[in-house]
Amino acid sequence: FTTRQKAGVVKDKDNKGGALDVYISGPITISASGCGAFNAEKKVDLGELNASELRAKPDGEFNNTPFKITLNNCYAKPSLIINISNNQIKNNLLANTNGQAGGVGIGLGYKTATTSERLDMTKAVTIDAANMNYTDNYGNGALDMYAFLGVTDTAAISGGSVDVSAIITLSHP
25 FTTRQKAGVV
35 KDKDNKGGAL
45 DVYISGPITI
55 SASGCGAFNA
65 EKKVDLGELN
75 ASELRAKPDG
85 EFNNTPFKIT
95 LNNCYAKPSL
105 IINISNNQIK
115 NNLLANTNGQ
125 AGGVGIGLGY
135 KTATTSERLD
145 MTKAVTIDAA
155 NMNYTDNYGN
165 GALDMYAFLG
175 VTDTAAISGG
185 SVDVSAIITL
195 SHP
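Start counting the sequence shown at 25; every next residue gets the next number (the numbering used here).
Structural data, given as structure tokens:
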């Protein structure tokens with residue numbers, strides 16, 4: 025990239041003009057649009073909870089448990105779009121598809137520098153780059169998330185396990 029290359033011809037309205045030379049000298053960093061997130065098969069243990077607590081506060085977030093999605097090679101340090109809507113959703117919670125408990129689901133959110141933001145599970149949500157905790161020029165970082173138990177149907181609350189396999193999709197805006 026340190027040699028002289030003809031890049032094109034500049035012409036005016038009378039079709040006159042001359043050659044346009046561009047000189048590029050290193051070092052040059054080209055940011056790839058690829059960005060890897062690594063947490064396949066991540067399990068988050070949300071602990072135990074009494075059904076009476078769920079009935080007493082059906083809009084509550086119970087057993088809030090943090091977890092991270094590790095980001096690698098996000099050289100441009102982009103904002104990312106998180107999409108969970110491909111999963112079975114009920115009352116803005118992931119439906120308990122594999123467990124026996126009734127009326128209970130799992131919610132997700134992410135942490136910013138100052139607050140926690142609950143995700144709208146029904147649509148794609150853009151998370152600002154400032155919340156990706158990028159740490160170096162290689163675009164390595166982490167999305168600090170949390171999971172919690174919540175009520176999908178107050179009338180159906182019953183004991184048992186809550187087990188959800190969720191697909192979380194991250195993409196560039």
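Ideal Cβ placement from N, Cα and C applies to all residues, glycine included.
Please name the residue in the options whose C-alpha comes closest to that of residue i.
i, options, result
"Lys72", "Ala179, Asp177, Leu173", "Sequence inspection shows Glu at residue 72; the Lys mentioned does not correspond to that position. The candidate whose alpha carbon is nearest that of Glu72 is Leu173."
"Ala100", "Asp187, Asn164, Ile93", "Asn164"
"Lys147", "Thr176, Lys92, Gln112", "Gln112"
"Asp177", "Val68, Pro82, Lys66", "Pro82"
"Cys59", "Ile93, Lys67, Thr138, Gly133", "Ile93"
"Leu70", "Ser185, Thr139, Ala154", "Ser185"
Quick test of your reading: residue i and residue j, contact by CB under 8 Å. State the CB separation rounded to the nearest angstrom.
i, j, result
"Ser195", "Leu104", "7 Å"
"Ser182", "Ala125", "6 Å"
In terms of residue numbering, what span does the beta strand (DSSP E) encompassing residue i cover?
i, result
"Leu173", "165-175"
"Ile151", "149-151"
"Ser140", "140-142"
Hey, residue i and residue j: beta-carbon distance below 8 Å or not?
i, j, result
"Thr89", "Ala171", "yes"
"Asp168", "Asn161", "no"
"Phe86", "Leu78", "yes"
Going by other Cβ atoms of all chains shown within 10 Å of its Cβ, with 16 needed for buried, is residue i buried or exposed?
i, result
"Gly84", "exposed"
"Ala80", "exposed"
"Pro197", "exposed"
"Thr150", "exposed"
"Gly129", "buried"
Hey, quick one: how far does the alpha helix (DSSP H) through residue i stretch, first residue to last?
i, result
"Ser76", "75-80"
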